[in-house]
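Q: Right, I'll just put the structure down here and ask away after.
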Amino acid sequence: MEVVSSLLSGFAIALQPLNLVYCFLGVLAGTLIGVLPGIGPVAGVAMLIPFSFGMSATTAMIMMAGIYYGAMYGGSTTSILVNLPGESASVVTCLDGYALARQGRAGAALGMAAFASFIAGTVGVVGLMLLAQPVAALGLRFGPPETFALTFLALTLVTGLVGASPAKGIAAAAFGMLLGMVGLDPMSSDERFTFGALHLADGLSFISVSVGLFAVAEVLESVERNERITLYKERISNLLPTAADWLASRGALWRGTVVGFLVGVLPGAGATIASMLAYALERRVSRHPERFGHGAIEGVAAPEGANNAATAGALVPLLTLGIPGSGTTAVMLGALMIHGLRPGPLLFEQHPDFVWGVIASMYVGNVLLLILNLPLVGLWARLLRVPQSVLLPLIMSFSVTGVFAVNNSVTEVGVMLVFGVVGYAMRKGGFPAAPVVLALVLTPLMETALQQSLQMSHGSFAIFFTRPIAATLVVVGLASLALPAVRGVARWLRPPPVGTQPGF
Amino acid sequence: MRTLRRSILVSLSLLLVLAIPGGAFPASFPDKPIEFTVPFAAGGGSDIMARTIAAIIEKEKILPQPLVVVNRPGASGVLGYMHVGQKTGDPYALTTATNSFIIQPLLGKMKLDYRDYTLVGGLALDEFVLVVPANSPHRTVRDLIDAARRAPKNVKIGGSSAPSIDSIITYLLEKATGVQLNFIAFKSGGEVMTNLLGSHIDVASANPGEALTQIQAKKARVLAAASSKRLASLPDAPTLRELGIDVVVTQWRGVAAPKGLPKEAEAVLVSAFKRLSDSKMWQEKYLAENNLTPYYLAPEEFRRYLEADAQSTRQILKEMDLIK
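Chains as they are written, first to last, in the working numbering: chain S, 4 to 507; chain Y, 608 to 931.
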């Protein structure tokens, strides 16, 4: 009951006109930042810090949190419409979202993204409210060996994203791992694969590579296809998800929410990895995995739910421990300190008004976002009626602007263009792009954790098997790698006579 | 005739090109926004400082034009430092500077060094403390050192990245006490703290600002400070020097601009940052809240400070076998 009264007093704060206005401004700015590739929530929040100086810490935090989860709503828009990931956490949304758009179902995909974000975002706030302390304690048990084990598991699931040819999929993942190793070695700072280029020392930017592989490659292929785009055959009749869509997505929604929230809590993992894991998990548990990549609505629901739940999860370590677990929450921490509020383990006790005001505002903000985004669905979907001769140059200029904004660097644009050509060649050769970007984002995290773990254990790999959480994750990962191989070998050894398969 | 006209045109345009960065109208500096580069990602210590500076300069009307903060992260700060350093004579380009401004050129990873910049001013010092989890068996630095002596390379000490100021502290600690520790590098101070609270490492070197709330909440204990005198925010923590371990390490923060600035513009910038460091907002909102020590240095003092820092850092990096 204490929670209820705390929450009610939180609502009293969140619903004050001034806070309501800044909550709305925050989610609006977040949506726009999400739509624009390149400018992520980190930069978005950082840019607005100076504007928050006149506000109280609570109002400032309400606005900053709004930007953060608002960006997760907006990120899916361009992914679905034109295969251009607006946010790194929305890259996997491209896979099925864009396929749906090409089938004339952009409205359903955008609508499902908005509803999934709303449901998972709201449930995520419930989690933040009720489970913050135990979940934070669980998060602390993730040291380097556990982080390595988690990324290892994620990588084995990524191989499950592979389409027709497993060999090509594994090759693509290996290519992605190689790209992920470009730059300074995480422990020794030695340069690797940089060819003396200063810009490569910091590694390849995930957003430049994925915009190249997805959007630019798609533009190149569209030019070649020169098709009359038939994205809007059925008028605007199916603007929202159908009952069948909801039925297909109901499992994906809660699995995406749980995965997103838990991964969001872990330091360094964040919304991007949450969305990938949720997508990979959905494909693994699906009875029709072959539908993924060809317009499965649950392939939109799972990652879009996960990345929103992850933002609530990422606030857990900030509010319970005062330690930021992601880039965006680090910026928030900095801003709060300027406001004279220093989040720490005692925040809930010492500043209940602040904590509960912010939590309540997140319920309000998610409702505002749904109201804001649903009418936009029709507007965005109509965008696809723009003739291709106009749309393709628009996509290109949008990509260039967004990628330039990552580091204010022309080199990033070059990287994007190179990977546009690489992506085009990969499509021609039948290599999937998704494993490349997923491996690219996982590798630095995995490699750092591996090196840290081995440094802790003086080089012994036993550290991954003597710690219960790490051991469980590694074994599950190994099993998921071995399973298709074992099945394949079994099939090869004795082709089963139809109908006589014993029940194992 | 044509060649003459062309040569006049060329020399005129050359003159123009030379005249503009040379400060054709120095009296009006700054007459457009100044780009303030942060060579690290948004949210880090340098970023927070730059955005606070930009806000104070605008609020207190220290300069008639705003500072626009731009993050150019990469290669441990080298990308951002080089971006500004290459703009010889341009007073509209500033960068934040901290220890990597000295360490990276020494490691040979950066072609320019502090002597190739106009130093605008030193602003603050950040200190380091050694913290352990609340349930740690180590009550004092002595306990920790004894444990390391019993089992060399078994006491895990966490810090941010390497080679860095944190790995230098570990090295100095090892050198002063004759034991061997196991340094584990993390991506950020935040990660160091979560790994400390989860007891994945035995001890961490952290800025007081990173550790203070954990200490107040009794989730972590401070063993000692690596400062020259006791910290105001943690008066009970002895300095390493008091304990007979001669290790003093500080992280400095300042501002630099390209070399060859027009004299007037340089003077405007220097006095602007002096006024900034005198402002109440800077001292109360930034320094006190972030547990930084005020440490204003005028350009010439700042140069001498960096000279000494470069000398001692070179010596340490040599001993660590990172440079010849």
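Even glycine gets a Cβ: it sits at the ideal position worked out from N, Cα and C.
1. State the CB to CB distance for the pair residue 112/S and residue 288/S, rounded to an integer number of angstroms; the pair is presumed to be in contact (CB under 8 Å).
2. Output yes if chain S places a C-beta closer than 8 Å to the C-beta of residue 897/Y; else output no.
3. Between which two residues does the alpha helix (DSSP H) carrying residue 740/Y extend?
4. Is DSSP giving residue 494/S helix, strand or coil here?
5. Check each candidate in 453/S, 172/S, 223/S and 467/S and name the one with the smallest Cα separation from residue 394/S.
6. For residue 794/Y, I'd like the list of residues in its chain whose CB is within less than 8 Å of its CB, leaving aside the five on either flank, ordered along the chain.
7. Identify every residue that forms a DSSP beta bridge with residue 791/Y.
8. So if I threshold CB-CB distances at 8 Å, which residues from the segment 738-761 of chain Y count as touching chain S?
9. Quick one: is residue 153/S near chain Y, going by C-beta distance under 8 Å?
10. Kindly give me the distance between the Cβ atoms of residue 827/Y and residue 347/S, rounded to whole angstroms, as I take these residues to be in contact under 8 Å.
11. Indicate the three-state DSSP secondary structure (helix, strand or coil) for residue 642/Y in the structure shown.
12. Taking 8 Å as the CB-CB cut-off, is residue 516/S touching chain Y?
13. Cβ closer than 7 Å: which chain S residues qualify as neighbours of residue 883/Y?
14. Ends of the alpha helix (DSSP H) at residue 661/Y?
15. List the endpoints of the continuous beta strand (DSSP E) containing residue 678/Y.
16. Quick check: is the beta carbon of residue 125/S nearer than 8 Å to any beta carbon in chain Y?
17. Determine the contact status of residue 175/S and residue 438/S, defining contact as a CB-CB distance below 8 Å.
18. Would you kindly report the start and end of the unbroken beta strand (DSSP E) that includes residue 728/Y?
19. Within 10 angstroms of the Cβ of residue 345/S, are there 16 or more other Cβ atoms? Answer buried if so, exposed if not.
20. What residues from the segment 811-831 of chain Y come within 7 Å of chain S, judged by C-beta to C-beta, listed N to C?
21. May I have the straight-line CA-CA distance separating residue 198/S from residue 204/S, to the nearest angstrom?
22. Counting pairs of Cβ atoms below 8 Å between the segment 717-737 of chain Y and the segment 879-890 of chain Y, do you hit three or more?
23. Using DSSP with H/G/I as helix, E/B as strand and the rest coil, what is residue 470/S?
24. Anything in the segment 235-269 of chain S with a Cβ closer than 7 Å to a Cβ of chain Y? List those residues in chain order, please.
25. Apart from the five residues on each side of it in sequence, which residues of its chain come closer than 8 Å, Cβ to Cβ, to residue 144/S?
26. In chain order, what residues of the same chain have a beta carbon less than 8 Å from the beta carbon of residue 902/Y, not counting five sequence neighbours either side?
27. If you compare alpha carbons, which of 718/Y, 641/Y and 931/Y is closest to residue 697/Y?
28. In chain Y, which residues lie with their C-beta within 9 Å of the C-beta of residue 458/S?
29. Going by CA-CA distance only, name the one from 804/Y, 886/Y and 755/Y that's closest to residue 790/Y.
30. Give the DSSP bridge partners of residue 858/Y, in chain order.
31. Tell me which residue opens and which closes the alpha helix (DSSP H) that residue 812/Y is part of.
32. By the three-class DSSP mapping on this structure, what secondary structure does residue 819/Y have?
33. I want to verify the contact list: residues of chain S whose CB lies under 7 Å from the CB of residue 655/Y, in sequence order.
34. DSSP on residue 128/S, reduced to helix/strand/coil?
35. In chain Y, which residues lie less than 9 Å from residue 136/S when you measure between Cβ atoms?
36. Let's test the definition: count the other Cβ atoms within 10 Å of the Cβ of residue 326/S and tell me whether it reaches 16, buried, or not, exposed.
A: Let's see:
1. Their Cβ separation, rounded to whole angstroms, is 21 Å, which puts residue 112/S and residue 288/S out of contact at 8 Å.
2. yes
3. Run containing residue 740/Y: none in the alpha helix (DSSP H); it sits in the beta strand (DSSP E), 736-740.
4. helix
5. 223/S
6. 767 and 768
7. 765/Y
8. 760
9. no
10. Going by Cβ atoms, the distance from residue 827/Y to residue 347/S rounds to 11 Å, so no, they are not a contact pair.
11. strand
12. There is simply no residue 516/S to check, as chain S begins at 4 and stops at 507 in what is shown.
13. Those do not exist, as residue 883/Y stays about 15 Å from chain S at its closest Cβ, beyond 7 Å.
14. 652-666
15. 674-678
16. no
17. yes
18. 724-733
19. buried
20. 820, 821, 823, 824 and 826
21. 9 Å
22. yes
23. coil
24. none
25. 472
26. 729, 730, 731, 732 and 859
27. 641/Y
28. 763, 789, 790, 791 and 792
29. 755/Y
30. 733/Y
31. That residue, residue 812/Y, is in no alpha helix (DSSP H); its beta strand (DSSP E) goes 810-813.
32. helix
33. 337
34. helix
35. Going along chain Y, no residue has its Cβ under 9 Å from residue 136/S, so there is no contact; the nearest lies around 13 Å.
36. buried
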